[in-house]
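Trainee: Okay, so the sequence shown: first residue is 2 according to the working numbering, each after it adds one. No residue lacks a Cβ here, since even glycine has one placed at the ideal position from N, Cα and C. Please see the structure below; I have some questions.
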Amino acid sequence: MTGDGAPSMPPRRAPRGRAVALGVTMLTLILAALAPPTMAQDLERVPRATRNVTPPGILPGPAVDGPLYREPTPPAPPQPPKWRRFFLPRTTDGATFITKEGLTIKVYGVAPPAVDQTCQRADGETWPCGRTALFSLRMFLRGRAVECFLPPLDGIDRAIAPCRVGQIDVGWWLLSQGWATPDDNATDDYRTAAREARCERVGMWRGAEPDPDCPAVQPAPPS
């Protein structure tokens with residue numbers, strides 16, 4: 002059971018598939034786009050040779066009319082993203098961490114409710130689902146370290162990244178518990194977890210009208 006009485010879902014290992022691969026691809030494209038092009042004025046100009054130093058028996062190189070430039074040493078390739086661990090991050094909503102270093106990390110693939118958001122039950126009663134989602138995430142963490150898949154952090158103060166606690170994918174957990182909805186970057190696994198949570202009416206969907214696309218609930222067998 003969750004802290005608010007909603008049934009718990011079984012833990013799931015953090016996927017190293019589509020979400021991580023998509024995150025790596027996006028980070029690689031961003032880093033490549035930021036690399037400045039080499040301009041002619043940035044190259045070192047080399048003085049033309051004043052005499053022929055070609056060894057005997059070797060054909061001299063072709064004559065060059067224009068100026069000579071020395072190609073600069075290419076920069077080292079950027080370090081690839083990796084899982085980076087953060088201890089006791091501060092949580093500001095149901096899917097956002099702020100680390101001790103001041104880095105704000107939003108969990109990839111999910112959209113949490115705003116902290117002040119309310120939800121409505123089928124009987125018309127409203128309840129603070131946004132604050133409950135934040136409280137549920139804090140109860141899930143229980144002081145454990147959070148790992149997020151990130152590039153080198155130099156000059157970065159905000160990021161969107163897949164995150165995990167142990168082997169549990171935080172994004173998948175939020176969706177399977179009904180404390181977030183999938184965003185445009187969500188994988189098929191994420192969308193399936195969100196649909197199952199809504200059909201089972203857990204988390205934000207507790208007490209709500211059943212979705213018409215969900216399978217009918219079978220009555221319990223007589224005892």
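#1: How big is the Cα-Cα spacing for ALA194 and SER177?
#2: Between ARG124 and the rest of its own chain, which residues show a CB-CB distance below 8 angstroms, the 5 nearest in sequence each way excluded?
#3: Tell me the rounded alpha-carbon separation between GLU210 and VAL203.
#4: For ASP190, does the count of other Cβ atoms within 10 angstroms reach 16, so buried, or fall short, so exposed?
#5: Taking C-beta to C-beta, are VAL108 and ALA198 nearer than 9 angstroms?
#6: Using DSSP with H/G/I as helix, E/B as strand and the rest coil, what is TYR191?
#7: Take every Cβ of the region 151-165, pair it with every Cβ of the region 124-135, and state whether three or more of those distances are shorter than 8 angstroms.
#8: Is VAL54 buried or exposed, if buried means 16 or more other CB atoms sit within 10 Å of its CB?
#9: Would you decide whether ASP185 is buried or exposed? Buried here means 16 or more other CB atoms lie within 10 Å of its CB.
#10: Nearest CA to the CA of SER137: which residue from ARG122, VAL116 and PRO152?
#11: Quick one: residues in its chain with C-beta nearer than 6 angstroms to the C-beta of THR105, no 5 flanking neighbours on either side, listed in chain order?
#12: Given this structure, state the Cα-to-Cα distance separating ARG71 from PHE150, to the nearest angstrom.
#13: Kindly indicate which residue of PRO57, PHE88, GLN118 and PRO114 has the alpha-carbon position closest to the one of ARG143.
#14: In angstroms, rounded to a whole number, what distance separates the CA positions of ARG192 and PRO183?
#15: Tell me the rounded alpha-carbon separation between GLY179 and ALA146.
#16: Only counting the same chain, and skipping five residues up and downstream in sequence, which positions put a Cβ closer than 8 angstroms to that of LYS101?
#17: Give me the Cα-Cα distance between GLY73 and PRO79, rounded to the nearest whole angstrom.
Mentor: Taking the geometry as given:
#1: Whole-angstrom Cα-Cα distance: 5 angstroms.
#2: Checking the sequence shown, residue 124 turns out to be Asp, not Arg. A distance below 8 angstroms between beta-carbons, with the five flanking residues on each side excluded, links ASP124 to the following residues of its chain, in chain order: GLY208.
#3: Approximately 12 angstroms, taken between the alpha carbons.
#4: With 16 or more other Cβ atoms within 10 Å, it is buried.
#5: Their beta carbons are not under 9 angstroms apart, which means VAL108 does not touch ALA198 by this criterion.
#6: Shown here, TYR191 sits in a helix according to DSSP, grouped into three states.
#7: The region 151-165, when compared against the region 124-135, does not touch it at the 8 angstroms Cβ threshold.
#8: Residue environment: VAL54 is assigned as exposed (fewer than 16 neighbouring CB atoms within 10 Å of its CB, all protein chains considered).
#9: Of the other Cβ atoms in all chains shown, fewer than 16 fall within 10 Å of the Cβ of ASP185; this residue is therefore exposed.
#10: With distances taken between Cα atoms, SER137 lies closest to VAL116.
#11: These residues qualify, in order along the chain: ILE99 and ARG159.
#12: ARG71 and PHE150: Cα-Cα distance of roughly 38 angstroms.
#13: The option with the nearest alpha carbon to ARG143 is PHE88.
#14: C-alpha separation (whole angstroms): 6 angstroms.
#15: Their Cα atoms are separated by approximately 22 angstroms.
#16: Its chain contains PHE87, PHE88, LEU89 and PRO90 as the residues whose beta carbon lies nearer than 8 angstroms to that of LYS101, once the 5 sequence neighbours on both sides are disregarded; these appear in chain order.
#17: The sequence shown places Pro at residue 73, rather than the Gly named in the question. Per the coordinates, the alpha-carbon of PRO73 lies some 17 angstroms from the alpha-carbon of PRO79.
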